[in-house]
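For reference, the structure discussed in these notes is given below.
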Amino acid sequence: MWFGRISQAKGLDIAIKIAREMKIDLLIAGKIVNPEAKIFFEKKVRPYLGKKIKFAGELKSEKDKSEFLGEAKAFLYPLQWEEPFGLAMIEAMACGTPVIAFRRGSVPEIVEHGKTGFVVSDSVEALADAVGKIDRIDRKATRQWVERKIVF
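In terms of my numbering, the sequence shown has 90 at position 90, counting the first letter as 1, and numbering is strictly consecutive.
Now the structure itself:
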């Protein structure tokens, strides 16, 4: 699953590449907030939408967001910039969904490697390898980590 603001900086195109290479389903949810994001979506996302890769649009209610995140096997988050704080990671982990992300910005501070997800080098291969190991992550422990460490 991929969730967030639709933008090239968020690595959605890389998540799609992983899903295509591994022949796995990818459900995408997010908001297109500006003209640049619309162009990115039309060129790098829409051509790959179909049976295995689906776009749910923007999740408008907290209930929809919780259901979407809670039903996902993992949150692919291949950031392309040094994001100072990734709320989407916290939201996913609060639903028990482990995160697989590149080692950028706040990712190493938020994702506990091997416990709440995987923090990997900036390569498609490393991300794909982590996808194959996602069943090793305890979803209940992932949620409990957020309950202990994050104050909303």
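All C-beta atoms, glycine included, are put in the ideal place defined by N, C-alpha and C.
Keep in mind the model is a prediction, meaning the values are calculated, not measured.
For residue j and residue i, the rounded distance between their alpha carbons
{"i": "Lys52", "j": "Ile28", "result": "11 Å"}
{"i": "Ile32", "j": "Ile6", "result": "5 Å"}
{"i": "Ala37", "j": "Phe55", "result": "15 Å"}
{"i": "Tyr77", "j": "Ala19", "result": "12 Å"}
{"i": "Gly96", "j": "Glu83", "result": "22 Å"}
{"i": "Ser106", "j": "Pro47", "result": "31 Å"}
{"i": "Val124", "j": "Lys43", "result": "20 Å"}
For residue i, the residue or residues it bridges with in DSSP
{"i": "Ala101", "result": "Tyr77, Val119"}
{"i": "Gly114", "result": "Beta-bridge pairing links Gly114 to no other residue."}
{"i": "Gly4", "result": "Gly30"}
{"i": "Lys54", "result": "Leu27"}
Pick from the options that is closest to residue i, judged by C-alpha positions
{"i": "Leu79", "options": "Ile150, Gly11, Trp2, Arg148", "result": "Gly11"}
{"i": "Glu112", "options": "Glu42, Ser66, Arg148", "result": "Arg148"}
{"i": "Ala72", "options": "Glu42, Gly4, Asp129, Pro98", "result": "Pro98"}
Residue i: first and last residue of the uninterrupted alpha helix (DSSP H) it sits in
{"i": "Leu69", "result": "62-71"}
{"i": "Ile16", "result": "12-22"}
{"i": "Arg132", "result": "The residue you asked about is not Arg; residue 132 is Gly in the sequence shown. Where Gly132 is concerned, the enclosing alpha helix (DSSP H) stretches over 124-132."}
Contact set for residue i: own chain, Cβ-Cβ below 6 Å, skip 5 residues either direction
{"i": "Ala9", "result": "Gln80, Trp81"}
{"i": "Arg103", "result": "Val119"}
{"i": "Phe85", "result": "Ser106"}
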